[in-house]
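Enquirer: My questions will all concern the structure given below.
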Amino acid sequence: MNKDLKSLIIMLKAYQGVTNHIKLSLQDSKLSLNEFAALEALYVKKSLTTQELIDTVLIPNSSMSHVIKTLANKDYLYRKKDQADRRIQYLALTEKGKKLFSKVYDKHYKHMRKLFDILTPEEEKNMQNALRKLGKHAMSVL
693 MNKDLKSLII MLKAYQGVTN HIKLSLQDSK LSLNEFAALE ALYVKKSLTT
743 QELIDTVLIP NSSMSHVIKT LANKDYLYRK KDQADRRIQY LALTEKGKKL
793 FSKVYDKHYK HMRKLFDILT PEEEKNMQNA LRKLGKHAMS VL
């Protein structure tokens with residue numbers, strides 16, 4: 693059996709290519725990749741604590757603080773302190789944030805779907821399963 697790292701190289705090149713397409717799909721929105729990821733998580737989950745958002749989108753705490761501040765300053769999200777524990781901050785999208793995300797996501801979805809349509813549904817499902825398996829294993833042996 694071949695024990696080289698060809699799969700790693702292929703995966704990293706694919707990741708780089710897909711990331712470039714994500715950035716391209718967001719270009720007109722003036723949102724960074726991290727800002728878009730935060731908006732998406734809040735759109736889906738409705739409300740998250742800062743820590744839950746960090747855990748969901750896998751952005752370091754220092755970067756997330758900047759993302760939250762930027763999105764709040766643009767009136768895309770609002771922050772609310774927990775009454776019982778003032779250290780906990782809840783985040784949710786404003787109406788302006790929801791409208792922006794819906795508009796940006798539609799274009800993003802179409803762009804990314806065109807990219808993934810090179811794969812058959814079976815190939816896409818197999819890729820998802822293989823990457824999920826690899827990711828879970830990688831996290832379990834840390």
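For the sequence shown, the numbering used here begins at 693 and goes up steadily by one.
Cβ coordinates follow ideal geometry from the N, Cα and C atoms, glycine included.
1. Among the candidates K722, D747, T812 and L723, whose CA atom is the shortest distance from the CA of A733?
2. What separation, rounded to the nearest whole angstrom, lies between the Cα atoms of H829 and Y782?
3. Given this structure, state the Cα-to-Cα distance separating D809 from Q820, to the nearest angstrom.
4. Given this structure, state the Cα-to-Cα distance separating M804 from A776, to the nearest angstrom.
5. Given a cut-off of 8 angstroms, decide if V759 and E727 are closer than it, judged by their beta-carbon atoms.
Expert: According to the structure data:
1. Position 41 of the sequence shown, counting from 1, holds the residue named residue 733. With distances taken between Cα atoms, A733 lies closest to D747.
2. Within the sequence shown, the letter at position 137 stands for residue 829. Within the sequence shown, the letter at position 90 stands for residue 782. Using only the alpha carbons, I get a separation of about 31 angstroms.
3. Here residue 809 is taken as the residue at index 117 of the sequence shown, counted from 1. Here residue 820 is taken as the residue at index 128 of the sequence shown, counted from 1. Distance between the alpha carbons of D809 and Q820 is about 14 angstroms.
4. Taking the first residue of the sequence shown as position 1, residue 804 is located at position 112. Taking the first residue of the sequence shown as position 1, residue 776 is located at position 84. The alpha-carbon atoms of M804 and A776 are separated by roughly 42 angstroms.
5. Here residue 727 refers to the residue found at position 35 when the sequence shown is read from its first residue. Here residue 759 refers to the residue found at position 67 when the sequence shown is read from its first residue. In this structure, V759 lies closer than 8 angstroms to E727 by Cβ.
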